[in-house]
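Asks:
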Amino acid sequence: MNTRSNDFVIKIANVNGTGSASANGLLMKAIFRMGIPVVGKNFFPSNIQGLPTWFEIRVSREGYLARSGRVDIMVAMNAQTYARDLADVSPGGYLLYDSTWPRDKQLTRDDVTLIGIPLAQMVNEQFENIRARILMKNVCYLGALAALLDLDMRVLEELLKETFADKQKLVAGNLKAIELGYQYAKQHCDCPLPLRLEPMNATAGHIMVDGNTLAALGCVYAGATVGAWYPITPSTSLMDAFKEFCERYRVDPETGKQRYCIVQAEDELAAIGMVLGAGWNGARAFTPTSGPGLSLMNEFIGFAYYAEIPAVIFDVQRVGPSTGMPTRTQQADLLFAAYASHGDTRHVLLFPADPAECFHMAVAAFDLAERLQTPVMVLSDLDIGMNDWMVPKLSWDEDYVPDRGKVYSQEQLRDMRVFHRYTDSDGDGIAYRSLPGVHPGGAYFTRGSGHNRRGAYTEDADEYQDVLDRLRHKHDTAKALVPAPVVHSKKGVKTGIVSIGSCDAAVREALDILAREGTEVNYLRVRGFPFNREVEEFVERHEHLFVVEQNRDAQLKALLLLETNVERRKLTSILHYGGMPMDSRCIVSGISEALAKGAAA
Amino acid sequence: MSFMQKPRVIHSKLPKNELGLTTRDYEGSMSTLCAGCGHDSITAALIQAFWELNIEPYKVAKMSGIGCSSKTPAYFLEEAHGINAVHGRMPSIATGANAADRNLYYLGVSGDGDSLSIGFGQFAHALRRNINMLYIIENNGVYGLTKGQFSASADVGSKAKKGEVNQQPPIDPVIAALTLGGSFVARSFSGDKGQLVPLIKAGIMHNGFALLDVLSPCVTFNDHEDSTKSYAHTRQFYHPAVHADFVPQKKPIRAAYENGEAMPVELHDGSTVVLRKVSKDYNPTNRAHAYSYLHEHQKRGEIVTGLLYIDEDQREMHDISNTVSEALRDLPYAELCPGSAALEEIQNLYR
């Protein structure tokens, strides 16, 4: 077999709660430090301990970050899923298993090479502690893989030392376990395999991190001071990260007091209420949540829209409906978020495609929320939020000044004859607001009940419509303020893809594959709602559009039909909604088949 | 809310407080509640209390939910910001507002429907977090705006206007507050301004969550015979256990209070509440005692009122979370953004 360097997929099947995540993370990071583009996807159960879990690492010389659909090396550590894991291996692939115990002879495949390593036996001989035996078995296969794939051992050692910098004891134990696996593989197998790692220089200037962490970092850099939340997978790590960053960077060095306030609410109804209370009172406030939490927040979201209170909500989407599959990914909250709450409501949405965009869009979300005085939702998903992605290193513009929007100062209020909260004096649909406790002249009554442009209660049809029409006008103003789409376009190409969020990696790989097959397709990735002019122009100038998204009901397509002038006949959906991150295959086949059919017709 | 403008007449002889303001400066728009509504008496007591405390009206944030009681913040402190949240969710709005700026006075006005049914969870949790605010429940045992349904505070055996008799046990906010760890628990009656005003003042100055349950009869739907939330019933079974006088920071405590049944409790800002026990055996600093006393008298059908429990040492939300003393919303951005060098440092972790 020919060698295939830096282009293969390792999948590790394990049992959750055995510490495999840290071993897998080490493997991925070591590859990254060898300069080789790599991406990891964690498929874990909604469970604490004992259920099957998989971790998939794609090594990609070309830098593709989506799944590939292949499995070249399976590390089968879970007897419960062994048969299925063996079946998952692509022809010509490898399966590494723990040969400590006898294995059923029937569980083999002619087109898969089996590699037996007595992991448990070696580890049990060397480690006394029961928990250590469980954990070290995972570190031991890491050693075996290092030998089989030609992983740079110095890099791995260095990583271990950094990871356990304050727990030196662990370094020695881990190194011992790695050595056991490494030496066994060296002595008993033909190392390295034709699939192997070769150092590159393609990861310089990049970092490897998850989206929730960077969204939290964005909140810190945006100057958010109030965070309210209720724990829900897959958004929980966002607030965990915010807290960690704040403990480090937001403590008054002299008094030791906190320049932030995090409240773990009793539920999502309260979490959004706290965000609105803080926003109404002039602080930058946010809440991270997921679909079920967003459902609970609905009433308050409508209140914030109508009373015009800034708020930032991170919806790290997971599989619905209802509890759905909490540890799987989807993009099925689009329609619901766009028009959340009863009555005529419409919201500002941002769609990050990777962790780096989570950072930038977090900052943008606070600026937009205060500029537009309305809730802004950042719709990330589990794949972006919880998996480590390779993204370009972030930089920070020291000249950045938060856009606090139209807020009258004490001086302005003092010199003003009369203040009317909901009057559009600039013609952009955005009225000036005042903050509590600043000046008596700024007082007004914030209410969810009918009000007129002066802020007074009303049940008058004209006065009510006047405010409602201005809100619509304000939402139109938002079109030019939300992030512009990312467009890859060649002149004369009449077929296009419109996609969103975490589909991006799969779409870009599909574009390359299609191009190699001679099919040129343009691409627009929406990054904000309401759609701006460029989205309108893109759908206008293409004859055939494939809308690629991760939900059953073609929600992005529905939004395009509702909010642009696109003709329905132009749009073809490519949908992926089983809960696994998307790969390029369904896009390539969807487009190829449709175009072939069109050519035949 | 009002259909006619309230005439603004300033009488030159009206007394002025230390800020040079009269009680008229603490009023709001005209009430649209029914004539004789208990809530309007509470509004008047609030005006009196804020005026006596010499608090600038615009330094107060008025919050409410939905219901007759929740309309009342429009009727006082015109120069203060108000927010009318969704039904039962005022406590979370108050929590967030307080998180953003710990230095304003927070006043929540709610009702028995708003706090004890749809908003019971938020009420309990705001109390448990000891949010620094005065939280008034204008309690009339009935849903007024939807025309006469029982609320969760209706007593067993109390009869609705249309004749239905309530069978379910009531939720008593005072008992609930005592068991949930409330740091200031009081009950009063809209018809007793002499008791109500000092309780409001003490509640505003208390460093933490002050619950003030005020029986406030609904003249339209719950003031008939056989109702246990009527003016007549409340007056008949009214049982003040402890009388509170509020003494501002600068004034010495009068000598007479130092003897007998008087018990001064110093508040966070240096002012004092002097508690005079009407019942000899009452101890307002002992939670277990307060609970059993209430229970005992409730069995006899008595409505125990007064400042029933106070613990000024219990830490409020910001004290617990160790927040800076300035309002978070006013912190300069330079103190919030770690800057580009820190971003570089952070990202080393992701290499």
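Quick mapping for you: the protein sequence lines, in order, are chains A and B.
Residue numbering for the first sequence follows the working numbering, starting at 5 and increasing by one per position.
Residue numbering for the second sequence follows the working numbering, starting at 49 and increasing by one per position.
For each residue, glycine too, the CB sits at the ideal point set by N, CA and C.
#1: Does DSSP put Glu314 of chain B in a helix, a strand or coil?
#2: Output the distance between the C-alpha atoms of Gln335 of chain A and Ile185 of chain B, rounded to the nearest integer angstrom.
#3: Under three-state DSSP, which class holds Arg589 of chain A?
#4: Do His351 of chain A and Val380 of chain A have their beta-carbon atoms positioned less than 9 Å apart in this structure?
#5: Can you pull the chain B residues whose beta carbon is under 8 Å from the beta carbon of Ser453 of chain A, in chain order?
#6: In three-state DSSP terms, what is Asp361 of chain B?
#7: Is there a Cβ of chain A sitting closer than 9 Å to that of Ala172 of chain B, yes or no?
#8: Does the beta carbon of Phe423 of chain A come closer than 9 Å to any beta carbon on chain B?
#9: Which partner residues of Trp400 of chain A appear in the DSSP bridge assignment?
#10: From Asp367 of chain B to Cys265 of chain A, what does the alpha carbon distance come to, in whole angstroms?
#11: Closest Cβ-Cβ distance between Val43 of chain A and chain B: below 9 Å?
#12: Kindly indicate which residue of A:Val127, A:Asn133, A:Met126, A:Gly96 has the alpha-carbon position closest to the one of Asp115 of chain A.
#13: Since I believe Leu560 of chain A is in contact with Leu298 of chain A (beta carbons under 8 Å), could you give me their beta-carbon distance rounded to a whole number of angstroms?
#14: State whether the stretch 231–250 of chain A contacts the stretch 271–288 of chain A, with contact taken as three or more CB pairs (one from each stretch) at a distance under 8 Å.
#15: I'd like the ranges of any alpha helix (DSSP H) spanning at least 4 consecutive residues and lying wholly in the stretch 324–407 of chain A.
#16: What residues in the stretch 428–442 of chain A bring their beta carbon closer than 8 Å to a beta carbon of chain B?
#17: What's the gap between the Cα of Ser453 of chain A and the Cα of His479 of chain A?
#18: Quick check on the DSSP output: the alpha helix (DSSP H) that includes Arg243 of chain A runs from which residue to which?
#19: In the DSSP assignment, find the unbroken alpha helix (DSSP H) run with Ala460 of chain A in it and report its ends.
#20: Are any of the Cβ atoms in chain B nearer than 9 Å to that of Ile276 of chain A?
#21: Spatial neighbours of Asn178 of chain A within its chain, please: CB distance less than 6 Å, with the 5 preceding and 5 following residues excluded, ordered by chain position.
#22: Take the Cβ of Asn307 of chain B as the centre, count every other Cβ of all protein chains shown within 10 Å, and call the residue buried at 16 or more, exposed below.
#23: Give every residue of the same chain whose Cβ lies closer than 7 Å to the Cβ of Glu127 of chain B, excluding the five residues on either side of it in the sequence, and list them in chain order.
#24: How would you list, in chain order, the residues of chain A whose beta-carbon sits under 9 Å from the beta-carbon of Arg324 of chain B?
#25: At the 9 Å Cβ level, is Thr609 of chain A part of the contact set with chain B, yes or no?
#26: So, is Trp393 of chain A buried or exposed, given that buried needs 16 or more other C-beta atoms within 10 angstroms?
#27: In terms of alpha-carbon separation, which member of A:Ala510, A:Asp156, A:Val230, A:Gln130 lies closest to Ala181 of chain A?
#28: Could you work out which residues of chain A lie near Gln395 of chain B, taking near to mean beta carbons separated by less than 7 Å?
#29: Cys265 of chain A bridges to which residues according to DSSP?
#30: Between Trp284 of chain A and chain B, is there a C-beta pair that is closer than 9 Å?
#31: Once the 5 residues before and after Val233 of chain B are set aside, which same chain residues still bring their CB inside 6 Å of it?
#32: Can you grab the Cα-Cα spacing for the pair His272 of chain B / Ser238 of chain B, in whole Å?
#33: What residue range is occupied by the uninterrupted alpha helix (DSSP H) comprising Asp203 of chain B?
#34: Is Ala304 of chain B buried or exposed, if buried means 16 or more other CB atoms sit within 10 Å of its CB?
#35: Taking contact to mean 3 or more Cβ pairs, one atom from each stretch, closer than 8 Å, check whether the stretch 461–472 of chain A and the stretch 142–151 of chain B are in contact.
#36: Does any residue of chain B have a CB that is nearer than 9 Å to the CB of Cys193 of chain A?
Replies: Considering the structure as presented:
#1: The count along the second sequence starts at 1 and reaches residue 314 of chain B at position 266. If DSSP states are grouped into helix, strand and coil, Glu314 of chain B belongs with the strands.
#2: Within the first sequence, numbered from 1, the residue matching residue 335 of chain A stands at position 331. Within the second sequence, numbered from 1, the residue matching residue 185 of chain B stands at position 137. Taking C-alpha positions only, Gln335 of chain A is separated from Ile185 of chain B by approximately 43 Å.
#3: Within the first sequence, the letter at position 585 stands for residue 589 of chain A. Arg589 of chain A: helix per DSSP, three-state reduction.
#4: For the purposes of this step, residue 380 of chain A is taken as residue 376 along the first sequence, with counting starting at 1. For the purposes of this step, residue 351 of chain A is taken as residue 347 along the first sequence, with counting starting at 1. Going by C-beta atoms, Val380 of chain A is nearer than 9 Å to His351 of chain A.
#5: On the first sequence, position 449 is the one that residue 453 of chain A refers to. Residues of chain B with a Cβ closer than 8 Å to the Cβ of Ser453 of chain A are, in chain order, Asn132.
#6: Taking the first residue of the second sequence as 1, we reach residue 361 of chain B at position 313. Looking at Asp361 of chain B - three-state DSSP - the assignment turns out to be coil, as it is neither helix nor strand.
#7: As a working mapping, residue 172 of chain B is identified with position 124 in the second sequence. Chain A contact via Cβ: present.
#8: The residue labelled residue 423 of chain A in the question sits at position 419 within the first sequence. No, no contact with chain B.
#9: Position 396 of the first sequence, counted from the first residue, corresponds to residue 400 of chain A. Paired residues: none, contrary to the question.
#10: Translated into positions along the second sequence, residue 367 of chain B becomes position 319. Translated into positions along the first sequence, residue 265 of chain A becomes position 261. One C-alpha to the other measures close to 11 Å.
#11: By 1-based counting over the first sequence, the position of residue 43 of chain A is 39. For Val43 of chain A, the answer is no, since every Cβ of chain B falls outside 9 Å of its Cβ.
#12: Your numbering for residue 115 of chain A matches position 111 in the first sequence. Distances from the CA of Asp115 of chain A to each of A:Val127, A:Asn133, A:Met126, A:Gly96 were compared; the closest alpha carbon is that of A:Gly96.
#13: Stepping through the first sequence from its first residue, residue 298 of chain A is reached at position 294. Stepping through the first sequence from its first residue, residue 560 of chain A is reached at position 556. The pair is not a contact, with the Cβ atoms about 17 Å apart (cut-off 8 Å).
#14: yes
#15: Within the stretch 324–407 of chain A, the complete alpha helix (DSSP H) runs of at least 4 residues are 338–342, 359–376, 386–390.
#16: Ser438, Leu439, Pro440, Gly441, Val442
#17: Walking along the first sequence from the start, residue 453 of chain A turns up at place 449. Walking along the first sequence from the start, residue 479 of chain A turns up at place 475. Distance between the alpha carbons of Ser453 of chain A and His479 of chain A: 20 Å.
#18: Taking the first residue of the first sequence as 1, we reach residue 243 of chain A at position 239. The amino acid at residue 243 of chain A is misidentified as Arg; the sequence shows Met. 240–253 is the extent of the alpha helix (DSSP H) around Met243 of chain A.
#19: The residue you call residue 460 of chain A lines up with position 456 of the first sequence. Ala460 of chain A -> no alpha helix (DSSP H), and no H or E assigned at all.
#20: In the first sequence, counting from the first residue as 1, residue 276 of chain A sits at position 272. Closer than 9 Å to some Cβ of chain B, the Cβ of Ile276 of chain A qualifies, so yes.
#21: Within the first sequence, the letter at position 174 stands for residue 178 of chain A. Counting only Cβ-Cβ distances below 6 Å, and skipping sequence neighbours, we find Val143, Leu164.
#22: Reading the second sequence from its first residue, position 259 is the one you call residue 307 of chain B. In this predicted model, Asn307 of chain B has a pLDDT of only 41, less than 50, meaning its place in the structure is not dependable; the value taken from the coordinates is given anyway. Around the beta carbon of Asn307 of chain B, fewer than 16 other beta carbons lie within 10 angstroms, which makes this residue exposed.
#23: Stepping through the second sequence from its first residue, residue 127 of chain B is reached at position 79. Once the five neighbours on either side are set aside, the close Cβ partners of Glu127 of chain B are Pro105, Tyr106.
#24: Residue mapping note: residue 324 of chain B aligns to position 276 of the second sequence, counting from 1. Within chain A, no residue comes near Arg324 of chain B; the closest Cβ sits about 35 Å away, beyond 9 Å.
#25: A question about residue 609 of chain A goes unanswered here, because the residues of chain A that appear run from 5 up to 605.
#26: Along the first sequence, read from residue 1 onward, the residue named residue 393 of chain A stands at position 389. When all chains shown are included, Trp393 of chain A counts as buried.
#27: If you number the first sequence from 1, residue 181 of chain A lands on position 177. Ranked by Cα distance from Ala181 of chain A, the options A:Ala510, A:Asp156, A:Val230, A:Gln130 are led by A:Gln130.
#28: Working through the second sequence from its first residue, we reach residue 395 of chain B at position 347. Those within 7 Å of Gln395 of chain B in chain A are Ile211, Lys397, Leu398.
#29: Translated into the one-based positions of the first sequence, residue 265 of chain A becomes position 261. A:Val230, per the DSSP bridge assignment.
#30: To locate residue 284 of chain A, count along the first sequence from 1; it is residue 280. So yes, Trp284 of chain A belongs to the interface.
#31: In the second sequence, the residue the question calls residue 233 of chain B occupies position 185. Val222, Ala225, Leu226, Leu259, Leu356, Tyr357.
#32: Numbered from its first residue, the second sequence carries residue 272 of chain B at position 224. Numbered from its first residue, the second sequence carries residue 238 of chain B at position 190. Looking at the two C-alpha atoms, the distance is approximately 17 Å.
#33: On the second sequence, position 155 is the one that residue 203 of chain B refers to. Premise fails: Asp203 of chain B is in no alpha helix (DSSP H) and is neither H nor E.
#34: By 1-based counting over the second sequence, the position of residue 304 of chain B is 256. With a pLDDT of only 45 at Ala304 of chain B, under 50, the local geometry of the prediction cannot be trusted, and no value is derived from it.
#35: Here the stretch 461–472 of chain A does not lie against the stretch 142–151 of chain B, with fewer than 3 beta-carbon pairs under 8 Å apart.
#36: Within the first sequence, residue 193 of chain A is the residue found at index 189, counting from 1. No - not a single Cβ of chain B is within 9 Å of the one on Cys193 of chain A.
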